[in-house]
Amino acid sequence: MTTPAEPAHPTSETKKAPAKDPWELPDVSGLVVGVLGGTGDQGRGLAYRLARAGQKVIIGSRAAERAEGAARELGLGIEGAENAECARRSDVVIVAVPWDGHAKTLESLRAELAGKLVVDCVNPLGFDKKGAFALKPEEGSAAEQAAALLPDSRVAAAFHHLSAVLLQNESIEEIDTDVMVLGENRADTDLVQALAARIPGMRGVFAGRLRNAHQVESLVANLISVNRRYKAHAGLRVTDI
Numbered sequence: 001m002t003t004p005a006e007p008a009h010p011t012s013e014t015k016k017a018p019a020k021d022p023w024e025l026p027d028v029s030g031l032v033v034g035v036l037g038g039t040g041d042q043g044r045g046l047a048y049r050l051a052r053a054g055q056k057v058i059i060g061s062r063a064a065e066r067a068e069g070a071a072r073e074l075g076l077g078i079e080g081a082e083n084a085e086c087a088r089r090s091d092v093v094i095v096a097v098p099w100d101g102h103a104k105t106l107e108s109l110r111a112e113l114a115g116k117l118v119v120d121c122v123n124p125l126g127f128d129k130k131g132a133f134a135l136k137p138e139e140g141s142a143a144e145q146a147a148a149l150l151p152d153s154r155v156a157a158a159f160h161h162l163s164a165v166l167l168q169n170e171s172i173e174e175i176d177t178d179v180m181v182l183g184e185n186r187a188d189t190d191l192v193q194a195l196a197a198r199i200p201g202m203r204g205v206f207a208g209r210l211r212n213a214h215q216v217e218s219l220v221a222n223l224i225s226v227n228r229r230y231k232a233h234a235g236l237r238v239t240d241i
């Protein structure tokens, strides 16, 4: 009588590779970061913090003179340029423009942003006598609008919940907050997490695909309400990770 064949032992070729440590992030210190909308409060704050952490930063604006002026005020080796030049010269481009100019700005830079990692931090919000409220773009979110307008770029979403006041305050050494990072490609979200982690006190946390960006963008309306009630500059922390 024959006996059942023994199960084959897994070979090194069939063994699963060990799961990657989610906190093992790439070295991004050599990347040039462009900030479109870098003359606005949020853009200036992000440019300042990243440059202060040692990142090479270029501020972009529709007018080169405005960008150059903001760069001189911030110092830290930051450069200013017209938006198209900023996009061309940067490895990673953060979009921090006002919502009402979001689509037009990205449409005009489609060629310059091709092949780039574009990080959208725009929050589509409306305001009335009751306060801030979330808007929902036809595409679902600002980040998804960016992805639709930039088919040749890799789009991620991050840096939505940061206080521009804290970012620009030179006396503050650390900003105690997590940065929710969304995107379709792990290598890209890892890179954005690593950029966030360069700023003391911050941590980048993967928060899902771009289809989840609307919830993250909308939460800013709640944070504005929190800040008004408590006269604060609230951020977010994710627990148990």
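For the record, in the sequence shown the residue sitting at position 166 is 166 according to the UniProt record's numbering, with numbers rising by one throughout. Quick reminder that beta carbons are idealized off the backbone N, C-alpha and C, glycines included.
Would a C-beta distance cut-off of 9 Å place residue i and residue j closer than the cut-off?
| i | j | result |
| --- | --- | --- |
| residue 25 | residue 191 | yes |
| residue 235 | residue 175 | yes |
| residue 33 | residue 167 | no |
| residue 213 | residue 138 | no |
| residue 57 | residue 79 | yes |
| residue 180 | residue 226 | no |
Using the DSSP secondary-structure output, state which residues sit across from residue i in a beta bridge.
| i | result |
| --- | --- |
| residue 133 | 126 |
| residue 120 | 95 and 157 |
| residue 182 | 157 |
| residue 36 | 60 and 95 |
| residue 79 | 58 |
| residue 177 | 202 |
To the nearest angstrom, how far is it from the Cα of residue i to the Cα of residue j?
| i | j | result |
| --- | --- | --- |
| residue 97 | residue 16 | 44 Å |
| residue 228 | residue 133 | 14 Å |
| residue 30 | residue 23 | 19 Å |
| residue 208 | residue 131 | 28 Å |
| residue 61 | residue 18 | 45 Å |
| residue 67 | residue 88 | 15 Å |
| residue 161 | residue 220 | 6 Å |
| residue 104 | residue 113 | 14 Å |
| residue 110 | residue 240 | 40 Å |
Go through its chain and collect everything with a Cβ distance to residue i's Cβ below 6 Å, but skip five positions before and after it.
| i | result |
| --- | --- |
| residue 43 | 35, 37 and 96 |
| residue 224 | 132 |
| residue 183 | 156 and 189 |
| residue 141 | 213, 214 and 217 |
So, at 7 Å on beta carbons, what are the nonlocal neighbours of residue i in its own chain, with the 5 sequence-adjacent residues on each side left out?
| i | result |
| --- | --- |
| residue 135 | 124, 125 and 126 |
| residue 146 | 95, 106, 118, 120 and 155 |
| residue 148 | 139 |
| residue 218 | 134 |
| residue 27 | none |
Which residues bound the beta strand (DSSP E) around residue i?
| i | result |
| --- | --- |
| residue 61 | 56–61 |
What are the boundary residues of the alpha helix (DSSP H) that includes residue i?
| i | result |
| --- | --- |
| residue 203 | No alpha helix (DSSP H) holds residue 203; the beta strand (DSSP E) holding it covers 202–206. |
| residue 224 | 213–230 |
| residue 108 | 102–108 |
| residue 41 | 41–52 |
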